[in-house]
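> Residue numbers for the sequence shown follow this note's numbering, so the first one is 186 and each next one is one higher. Positions of the beta carbon are idealized from the N, C-alpha and C atoms, including for glycine. Sending over a structure as structure tokens; questions will come in a sec.
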Amino acid sequence: MKLLVRGGKVIDPANDFCQAADILIDSGKISAVGQNLKANGAEVIDAKNKLVLPGLIDMHVHLREPGLEAKETIASGTRAAARGGFTSVACMPNTNPVVDNQALVEFINSRAASDGVVNVFPIGAITKGSAGSELAEIGDMKSAGAVAISDDGRPVMNAQVMRLAMEYAKMFNLPVISHCEDIDLAANGVMHEGYFSTVFGLKGISRLAEEVMVARDIMLAELTGTKVHIAHISTAGSVELVRMAKKKGLNVTAEATPHHFTLTAEAVGGYDTGTKVNPPLRGADDIRAVKEGLGDGTIDVIATDHAPHTVEEKDVEYNYAPFGIVGLETAVGLAFKELVNPGLLTVEELVRKMSVNPARILGLPKGHLGVGADADITIVDPGLREVVDVQRFASKGKNSPFGGWELKGLPTVVIVGGRVVMQDRELV
Ligand code: DOR
Ligand code: ZN
């Protein structure tokens, strides 16, 4: 089981190594990195003119199993991840039942082992049933392999419950991933509150619905000393709050999604429910602030919040459609389009946000290409163009507002634990 990735530009910021090199893989691990390595019977992958990156990690994915298999399964979701260039995903617990105990974490791990084509790291719930009142079995879930806790999809509205959750999480050295939304302020809105919600006649969700919770959770992070990660940051005010928290030296990190740095609320214009997402697509100033936050290091991670739903669920009036956009298969292309190709981020910085930092935040021994590391590798062709065709998605979810967009800069090979799982944009 030997593989030689030959002649690519290796970009491994964790090891301060960014140059043309070959990578030899043996028995699932990286066994050598250097010039003119001998194949010695290894299968050769030609990476000439390509970028060879540590396997990308998406720390915010909804795989929908158990219970919501019509939307996605571990089999289909991990295939979507592979097509999108990811070698690892962390999956959110808002399944049916909610992943709030050891047995369900074990179920996901065993399903991932039998059906998955990329690594899957389960995230456990903060509260039982993610109902927001009683703490879940946090320690037990950690022993079973949970890498973080989150009630994503819903906020923990009770601040005392969140405080206790953070205190427990700290004992188990688990990060708390916060879905920041004040439900009362969100007031059953369906899109960003502003000019376009008025014009389109849809109920708005104010920036404040997010920002008051970002502020609260930063304060709780300060009080408890717990690692707090702000999910899907969408407003300029939230970015500024995280920037201040970091200046203070708090253990606070944040992520942004490709849809939030690409589209504004104007995209809701055709009432395409593919644009309905929580938090909602915001204003041009917010996009500018999110991009600035990505550029100056305030926002540590790009994560997709891949949220598949069935065609039937989404094919209703805007008010009745569920929130969510599928992101795995467009993330790399959108990151190149919006961030790398215009010169906002270098490829090295992108690798930090899509591999190094998610690994560090979740405590995964991944995110680099040193000798001895797991052979998780993503190869990207920065010149490859493709028009997004949602029908070609490996995901069961087709709910993307990016169908028909031409993207340039796409993953062409994905290697997981030394096995090629995607090649030339097709699953192997
Ligand atoms: O748009 C969203 N969809 N936002 C969330 O927070 C949850 C997610 C889902 O589970 O569908
Ligand atoms: Zn969320």
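Put Met539 into one of helix, strand or coil per three-state DSSP.
Helix, per DSSP.
> Can you give me the Cβ contacts of Ile169 inside the same chain, cut-off strictly under 7 Å, excluding the 5 residues immediately before and after it?
Residue 169 cannot be examined here, being either before or after the span of the chain that is shown, 186 to 613.
> Tell me which residue opens and which closes the alpha helix (DSSP H) that Gln287 is part of.
Where Gln287 is concerned, the enclosing alpha helix (DSSP H) stretches over 287-300.
> If you follow the beta strand (DSSP E) that Glu571 is in, where does it begin and where does it stop?
Run containing Glu571: 562-572, per the beta strand (DSSP E) assignment.
> Any heavy atom of the ligand DOR closer than 7 Å to the Cβ of Val462?
Because some heavy atom of the ligand DOR lies under 7 Å away, the Cβ of Val462 counts as near it: yes.
> Measure the CB-CB distance between Val218 and Leu554 and report whether it falls below 8 Å.
Yes, these two residues count as a Cβ contact at 8 Å.
> How many whole angstroms separate the CB atoms of Leu595 and Gly518, which I take to be in contact at a CB cut-off of 8 Å?
Between Gly518 and Leu595 the Cβ distance is about 5 Å, and since that is below 8 Å, they are a contact.
> Is Asn279 near the ligand DOR, in the sense that its beta carbon is under 7 Å from a heavy atom of that ligand?
Because some heavy atom of the ligand DOR lies under 7 Å away, the Cβ of Asn279 counts as near it: yes.
> Bridge partners for Ala441 per DSSP, in chain order?
Note: Ala441 sits in a beta bridge opposite Ile487.
> According to DSSP, is Ala516 helix, strand or coil?
Three-state result, Ala516: helix.
> Between the alpha carbons of Val462 and Glu502, how many angstroms are there, rounded?
Those two C-alpha atoms are separated by around 14 Å.
> Nearer than 7 Å: is that true of the beta carbon of Ala394 relative to any heavy atom of the ligand DOR?
No, the Cβ of Ala394 stays beyond 7 Å of every heavy atom of the ligand DOR.
> Nearest CA to the CA of Lys313: which residue from Thr280, Val332, Val305, Ser328?
Measuring from the Cα of Lys313, the nearest candidate turns out to be Thr280.
> Under a three-way DSSP split, which group does Thr460 fall into?
Thr460: helix per DSSP, three-state reduction.
> Where do the ends of the beta strand (DSSP E) carrying Gly219 lie?
Gly219 -> beta strand (DSSP E) spans 214-219.
> Quick one, are the C-beta atoms of Ile259 and Ala297 less than 8 Å apart?
Contact flag set, yes.
> Locate the beta strand (DSSP E) running through Lys593, then write down its first and last residues.
Looking at the DSSP string, the run of the beta strand (DSSP E) that includes Lys593 is 591-601.
> Identify, in the order they occur along the chain, each residue of the same chain with its Cβ nearer than 6 Å to the Cβ of Lys499, setting aside the five sequence neighbours on each side.
Within the same chain, Lys499 has close Cβ partners Thr458, Ala506, Asn584.
> Does the region 476-489 come close enough to the region 238-254 that 3 or more CB-CB pairs lie under 8 Å?
Cβ pair count under 8 Å is three or more, so yes.
> By how many angstroms is the C-alpha of Gln345 removed from the C-alpha of Val565?
Approximately 45 Å between the Cα atoms of the pair.
> Hey, out of Met607, Val573, Val601, whose CA is closest to Leu592's CA?
Nearest of Met607, Val573, Val601 to Leu592, Cα basis: Val573.
> Given the structure, does Thr587 come close to the ligand DOR, in the sense that its CB is under 7 Å from one of the ligand's heavy atoms?
It should be pointed out that residue 587 corresponds to Phe in this sequence rather than to Thr. Flag unset: Cβ of Phe587 not near the ligand DOR.
> Return yes when the Cβ of Glu440 is within less than 8 Å of the Cβ of Thr420, no when it is not.
Not in contact: Thr420 and Glu440 (Cβ atoms no closer than 8 Å).
> Starting from Ile210, follow the beta strand (DSSP E) in both directions and report where the run begins and ends.
It spans 202-211 - the beta strand (DSSP E) in which Ile210 sits, taken as one unbroken run.
> Going by the CB atoms, is the gap between Leu189 and Val229 shorter than 8 Å?
Yes, the Cβ-Cβ distance between Val229 and Leu189 is below 8 Å.
> Can you check DSSP and say which residues form a bridge with Ser273?
DSSP lists Ile242, Asn304 as partners of Ser273.
> Taking the C-alpha atoms as reference points, what is the distance between His494 and Pro278?
Answer to the nearest angstrom: the Cα atoms are 16 Å apart.
> For Arg348 and Gly582, what's the separation of their Cα atoms in angstroms?
Going from the Cα of Arg348 to the Cα of Gly582 covers about 35 Å.
> For Leu530 and Glu477, what's the separation of their Cα atoms in angstroms?
Straight-line Cα distance between these residues: approximately 10 Å.
> If I follow the unbroken beta strand (DSSP E) through Arg191, where does it start and stop?
Start and end: 187-197.
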